[in-house]
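Protein chains in written order, with my numbering: chain D, 1 to 278; chain B, 279 to 762. What follows is one structure encoded as structure tokens, with my remarks underneath.
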Ligand SMILES: Cc1cc2nc3c(=O)[nH]c(=O)nc-3n(C[C@H](O)[C@H](O)[C@H](O)COP(=O)(O)OP(=O)(O)OC[C@H]3O[C@@H](n4cnc5c(N)ncnc54)[C@H](O)[C@@H]3O)c2cc1C
Ligand code: FES
């Protein structure tokens, strides 16, 4: 009883979109929610944040960046193939309400959850989006953001497209020109940390989505703990959305690196296996 | 005196047969294979002859699974092992599990009349023997009986021993039961918590398979309160619900350094190793980290399991840090003994105060304790001895100081009353404050035992049956009237 891949599409080098049949989950997914997948009986459980869900069609769309063994292996799967496990929706939905002027900042594949949040906030708020990537060909979802944002700003680290620099620099400029009621920043930890430094300076409340390592994602193991305002929280059940001003990003980074050596080993082993197979 | 009785009296004088065979410690700490080997056929039959087959067996009263102990032992004595299993399975769907993990010294065997003068009958070992023998001889399912379905649907939330038992008992009564499980494997703590060397997963798998044969349907990857709500279940036509979601939320002490890399909750450590098979990394994807010197904090089964798992994962030295003395340890006696044999060092009357280190654990600061007056649990309260702090050089810390109830379902279910520790409130029948919704196992009591969960599952099955019969009685009576 697996979860079938219905569609697979490359969005950028190493970034792929998968539409997966998971009818029960599709009925409940809101912005902020994530799911946990497991590929096969030897697989690990990894959390992923859906781009969107279609309750009628019973499908959930994921965007996956190939970074480790599991995401590489998923990247090689084709439509018709099945994921062994697909659980969700997990975590708390994003607090969707009327804030006023909201700036959404998405970096790397963080643009995926950022898009889901922007889409739900749109009907109640003015939404400005800042999305960025290292270089032009890694920038994804631009068109989709244009459709749901009142304003879109694009940055690339190398200046190959849009404004040269980081999303946080664009954020700083925007806030300097005109303040906002809320900033939502989702992306790699250094980006969220930098975004929070900017918004603290400008005094704008900021929500971030944290992405620690997880196992069960139901509050059972405590692997996903983060410090928020000096208190220990379980990201999977207390989050994943937290007040960015209060998150201990250094701890988050340390805990994310906990299994770096093992992850490298697993990936090397997988790639070796693949080479000998072909 | 009949020859049989004579033999039994004689046996009484010999007391207990020699210790049950187990693997030598030096060999067993190198792998995850089972430690205790169980009785062989001759031995089991010999042990069975010691049972007096009392007319009013006290042992049965000590068994929440209501196993007809003297009857099954009588079958063992006669060598009728399949019949023995049938007797056990009438009331207990998890004999291979119970036969390995029950705290028998506090249950059936405590009540055995032989125990007053000498050693009680090894009821637990006999139960395990019966289950294992039948498994080995392909007879575990027992005779297949066609159960007539009554068309009423019941949902069971959680596949731990409470949920499995409730599901099996209801299926035997003809209900169409679906078990919803959040994780990808069935068995609850039996598969994610209790390690392979104490309870092999295959045992759980096969006992679950037999429950499936009774007609129970299992759906994994469904979190009630998230994927579906209790309300959704009602709309899907489930007329009653049993909640057996356990006590899976780890308690971590609020001490400095608790979030350093290398500090695990026992739940995470054991889940990685057992459920995710991290002990076979990189063959399996999930990694686990065990340093050279490990401190496990706690004195229960969970602490023993964590310590012994750390040892098998390659730790050179494992300490077990417990704030009371040996006598107060809540772990099963057998497991404490096994842990000691394997070289786990007990650091008693000691409590951690701080985890030291920059990124990773570099040490554990502890304080010595003394025992004061008994507290509400009846055990003497540990009191810190001021100025007695000292540092243990360890690089991994595993916290096994208890589990809370997971509040996920409670938060998502309006009208479901619970106490301030999120334990679901039930009445004497096991019914919650929501009509038709029952609960049992660790979720109503906090972390307890497998056998208690089984007892709760049985009570709920009975109550659900009574509830649905009462609900449908007027309808049935009316129909009869119309027809008549
Ligand atoms: C390491 C360890 C060792 C132990 N050793 C022993 C021992 O030797 N002897 C003994 O008697 N007891 C032992 N215990 C205690 C015993 O395991 C528990 O008391 C018993 O398993 C409780 O059973 P349960 O059915 O209430 O819950 P659990 O076994 O905890 O099962 C609950 C199940 O519900 C699922 N669940 C939770 N929430 C949801 C939801 N919202 N939707 C769907 N599913 C959900 C969980 O994933 C889990 O599978 C031990 C416990 C641990 C952790
Ligand atoms: S991932 Fe296990 S508690 Fe959050």
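The beta carbon of each residue, even a glycine, is placed where N, CA and C say it ideally should be.
Helix, strand or coil at residue i according to DSSP, with G and I counted as helix
i              : result
residue 65(D)  : strand
residue 567(B) : coil
residue 130(D) : strand
residue 148(D) : helix
residue 666(B) : coil
residue 372(B) : coil
residue 293(B) : Unreliable positioning characterises residue 293(B) in this predicted model, as indicated by a pLDDT of 42, which lies under 50. A coordinate reading is not provided.
residue 582(B) : helix
residue 153(D) : strand
residue 225(D) : strand
residue 433(B) : strand
residue 696(B) : strand
residue 707(B) : coil
residue 176(D) : helix
residue 551(B) : helix
residue 99(D)  : coil
residue 169(D) : helix
residue 735(B) : helix
residue 539(B) : strand
Residues near residue i by beta carbon distance below 6 angstroms, same chain, minus five either side
i              : result
residue 224(D) : 212, 214, 234, 235, 236
residue 520(B) : 434, 444, 716, 738
residue 595(B) : 571
residue 580(B) : 544, 678
residue 720(B) : 524, 525, 726
residue 160(D) : 135, 136
residue 698(B) : none
residue 448(B) : 432, 455, 739
residue 459(B) : 437, 498
Cβ shell of residue i (< 8 angstroms), same chain only, five flanking positions each side left out
i              : result
residue 80(D)  : 4, 5
residue 764(B) : Within the shown structure, residues of chain B are numbered from 279 to 762, placing residue 764(B) beyond reach of any answer.
residue 648(B) : 627, 660, 661, 663
residue 593(B) : 568, 569, 570, 571, 572, 674
residue 336(B) : 389, 390, 391
CB contact below 8 angstroms: residue i versus chain E
i              : result
residue 233(D) : Among the protein chains of the structure shown, namely D and B, there is no chain E.
Whole-number beta carbon distance between residue j and residue i, since they are thought to touch under 8 angstroms
i              : j              : result
residue 47(D)  : residue 34(D)  : 5 angstroms
residue 652(B) : residue 627(B) : With a Cβ gap of about 16 angstroms, residue 652(B) and residue 627(B) do not count as contacting.
residue 764(B) : residue 494(B) : With chain B represented from 279 up to 762, any question about residue 764(B) goes unanswered, as that position is not in the structure.
residue 354(B) : residue 311(B) : With a Cβ gap of about 26 angstroms, residue 354(B) and residue 311(B) do not count as contacting.
residue 363(B) : residue 329(B) : Actually they are not in contact, since the Cβ atoms of residue 363(B) and residue 329(B) sit about 17 angstroms apart, beyond 8 angstroms.
residue 522(B) : residue 735(B) : 6 angstroms
residue 138(D) : residue 240(D) : That pair is no contact at about 23 angstroms.
Nonlocal neighbours in the same chain, by C-beta distance under 7 angstroms from residue i, ignoring five residues either side
i              : result
residue 727(B) : 381
residue 573(B) : 597, 599, 642, 670, 672, 675
residue 482(B) : 375, 465, 468, 469
residue 517(B) : 430, 431, 432, 714, 746
residue 366(B) : 345, 350, 373, 405, 408
residue 428(B) : 452, 453
Segment contact flag, the region 252–259 of chain D with the region 200–212 of chain D, C-beta cutoff 8 angstroms, min 3 pairs: Between the region 252–259 of chain D and the region 200–212 of chain D there are three or more C-beta pairs closer than 8 angstroms, enough to call the two in contact.
Inter-stretch contact at 8 angstroms, needing at least 3 Cβ pairs: the region 681–697 of chain B / the region 630–645 of chain B: Proximity of the region 681–697 of chain B to the region 630–645 of chain B falls short of the contact definition, fewer than three beta-carbon pairs being nearer than 8 angstroms.
Minimum length 4: unbroken alpha helix (DSSP H) runs contained in the region 448–479 of chain B: Fully enclosed alpha helix (DSSP H) runs of 4 or longer: 467–470.
Segment contact flag, the region 507–517 of chain B with the region 339–355 of chain B, C-beta cutoff 8 angstroms, min 3 pairs: The answer is no - the region 339–355 of chain B does not touch the region 507–517 of chain B, with fewer than three Cβ pairs under 8 angstroms.
Any 3 or more C-beta pairs closer than 8 angstroms across the region 666–678 of chain B and the region 564–574 of chain B: Cβ pair count under 8 angstroms is three or more, so yes.
Inter-stretch contact at 8 angstroms, needing at least 3 Cβ pairs: the region 372–388 of chain B / the region 354–361 of chain B: The region 372–388 of chain B, when compared against the region 354–361 of chain B, does not touch it at the 8 angstroms Cβ threshold.
Secondary structure, beta strand (DSSP E): runs of 3+ residues fully inside the region 187–222 of chain D: Complete beta strand (DSSP E) runs here, min 3: 206–209.
Three CB pairs or more closer than 8 angstroms across the region 119–134 of chain D and the region 69–79 of chain D: By the Cβ test, the region 119–134 of chain D is not in contact with the region 69–79 of chain D, since fewer than three Cβ pairs between them sit closer than 8 angstroms.
Contact the region 470–479 of chain B vs the region 545–564 of chain B: 3+ CB pairs below 8 angstroms: Flag = yes, the region 470–479 of chain B and the region 545–564 of chain B touch.
Three or more C-beta pairs below 8 angstroms linking the region 555–566 of chain B and the region 701–718 of chain B: No, the region 555–566 of chain B is not in contact with the region 701–718 of chain B.
The region 53–67 of chain D / the region 191–206 of chain D touching (three or more Cβ pairs under 8 angstroms): Touching, no, given that fewer than three Cβ pairs across the two stretches are closer than 8 angstroms.
The region 169–184 of chain D / the region 193–200 of chain D touching (three or more Cβ pairs under 8 angstroms): Segments in contact, yes.
The region 390–397 of chain B touching the region 367–380 of chain B, judged by at least three CB pairs closer than 8 angstroms: No: fewer than three Cβ pairs fall under 8 angstroms.
At least three beta-carbon pairs within less than 8 angstroms, the region 599–614 of chain B to the region 494–503 of chain B: In this structure the region 599–614 of chain B does not lie against the region 494–503 of chain B, because fewer than three pairs of beta carbons, one per stretch, are closer than 8 angstroms.
Validate contact between the region 610–620 of chain B and the region 637–644 of chain B using beta carbons, cut 8 angstroms, 3 pairs: No, the region 610–620 of chain B does not touch the region 637–644 of chain B.
Given 8 angstroms, three or more beta-carbon pairs between the region 136–148 of chain D and the region 104–115 of chain D: Note that the region 136–148 of chain D touches the region 104–115 of chain D; at least 3 beta-carbon pairs, one per stretch, sit closer than 8 angstroms.
Start-end ranges of the alpha helix (DSSP H) lying completely within the region 492–529 of chain B, minimum 4 residues: Entirely contained in the region 492–529 of chain B, the alpha helix (DSSP H) runs reaching 4 residues are, in chain order, 508–513.
Continuous alpha helix (DSSP H) assignments of at least 4 residues falling wholly in the region 309–389 of chain B: Listed in chain order, they are 319–326, 336–339, 347–355, 359–369, 373–379, 386–389.
Inside the region 592–670 of chain B only - alpha helix (DSSP H) runs reaching at least 4 residues: Those alpha helix (DSSP H) runs which fall completely within the region 592–670 of chain B and span 4+ residues are 611–619.
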